[in-house]
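First the structure, in the form of structure tokens, and then the observations on it.
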Amino acid sequence: KKIISIGGSMMEAAIFNILSEVKPNSIGVADLGCSSGPNALTAVSQIIHIVDAASQRLGLPVPEIRVSLNDLPGNDFNDVFKSLPEFYKKLKNDYGIDDCYVWGMPGSFYGNLFPARSLHFVHSSSSLHWLSQFSVTYLPTRGLVEKEKIDSFNAPYYAPSLEEVKYEAGNEGSFVIVDVEAFEIEWDDGDWTSMNISSGNRVAKTIRAVVEPMLESHFHLGHEMMNELFIRYAKIIDDCFSETKLKYINLVISFMRKD
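Laid out in structure tokens, this is it:
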């Protein structure tokens, strides 16, 4: 939520530009990596709020809003869909919006997902959600998995610098960088007011929500072994926090497609 909130000013500028210049009667929006659970519609809710506010500033009617929620096929889209009736009701009560349509689009965004020129605004928010190698290698030292499985495990994550992002955007050639901002977020940041747990356990819960399906499909760990792994991981993080405050570096970037 904090990352989405910090990126709000860029979203406002981009959406205002779309509405003022394109003036679409129907605006296509996509959230890449929507996940499921209570935060699945957070970004979409903010985008719709911005569309409504920008339309009022410009003296334009709120356009029809078409929302595509994207994540990998294993994502629990049914859980998201169950929340849509209440979501639509809130849009009607808060903004008087009836013409909003939300659907799921499972698949990797490294391939083609949408028809050409069907989208006006695309949002994607992510952060460092991978276990350190130290924690994974804890398994073979305890004889819990074969070392060969560790060697063949690949978590496809890479954290580029701002300079690398600029270079790749220029090299690919389809987009122009409109704005960029770098900021720090502490590893254990988030709304944990209802849970009195250590920083390590906060981080472990966040990481587990993302990587557990990958670990299970590759290592075939049982529930008890998975619990042991993340208990150990939480202890490692707590030890790290006792020495220094760990932070993520996040980049918020606004791209515009070239004509």
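Numbering (the numbering used here), first residue to last: 4 to 262.
The C-beta atom is built at its ideal place from N, Cα and C for all residues, glycine as well.
Assigned secondary structure, residue i (DSSP; H/G/I helix, E/B strand, else coil)
i      : result
Phe178 : strand
Trp161 : The amino acid occupying residue 161 in the given sequence is Tyr; Trp does not appear at that position. Correct three-state label for Tyr161: coil.
Ala33  : strand
Ala119 : coil
Gly11  : helix
Phe84  : helix
Asp101 : coil
Glu189 : strand
Environment of residue i [buried if 16+ CB atoms lie within 10 Å]
i      : result
Leu2   : Residue 2 falls outside the range modelled here, since the chain spans only 4 to 262, and no answer is possible.
Trp190 : buried
Tyr161 : exposed
Gly10  : buried
Tyr104 : exposed
Gly114 : exposed
Residue i, enclosing alpha helix (DSSP H) - first and last residue
i      : result
Asn204 : Ser202 to Phe222
His52  : Thr45 to Leu61
Phe233 : His226 to Phe244
Ser127 : No alpha helix (DSSP H) contains Ser127, which is instead part of the beta strand (DSSP E) from Phe124 to Ser127.
Residue closest to residue i, alpha-carbon to alpha-carbon, out of the options
i      : options                           : result
Gly185 : Asn199, Val168, Phe178 and Asn174 : Note that residue 185 corresponds to Ala in the displayed sequence, not to Gly. With distances taken between Cα atoms, Ala185 lies closest to Val168.
Pro66  : Lys92, Asn73 and Tyr98            : Tyr98
Leu224 : Phe178, Ile153 and Asp79          : Ile153
Leu94  : Gly176, Ser201 and Ile53          : Ile53
Met217 : Asp242, Leu75 and Glu166          : Leu75
Gly107 : Phe80, Gly40, Ala119 and Gln59    : Phe80
C-alpha distance - residue i paired with residue j, whole-angstrom precision
i      : j      : result
Ser245 : Asn204 : 14 angstroms
Phe137 : Ile239 : Confidence in Phe137 is poor, its pLDDT being 44 and thus under 50, which makes the residue's placement too unreliable to answer from.
Ala207 : Asp262 : 44 angstroms
Glu15  : Glu227 : 46 angstroms
Ile68  : Lys250 : 36 angstroms
Ala57  : Ala43  : 23 angstroms
Residue i Cβ short of 7 angstroms to the ligand SAM heavy atom set
i      : result
Pro163 : As presented, the structure is devoid of all ligands, the ligand SAM included, so that no description of it is given.
First through last residue of the beta strand (DSSP E) which encompasses residue i
i      : result
Ile256 : Lys250 to Arg260
Asn73  : Glu67 to Asp74
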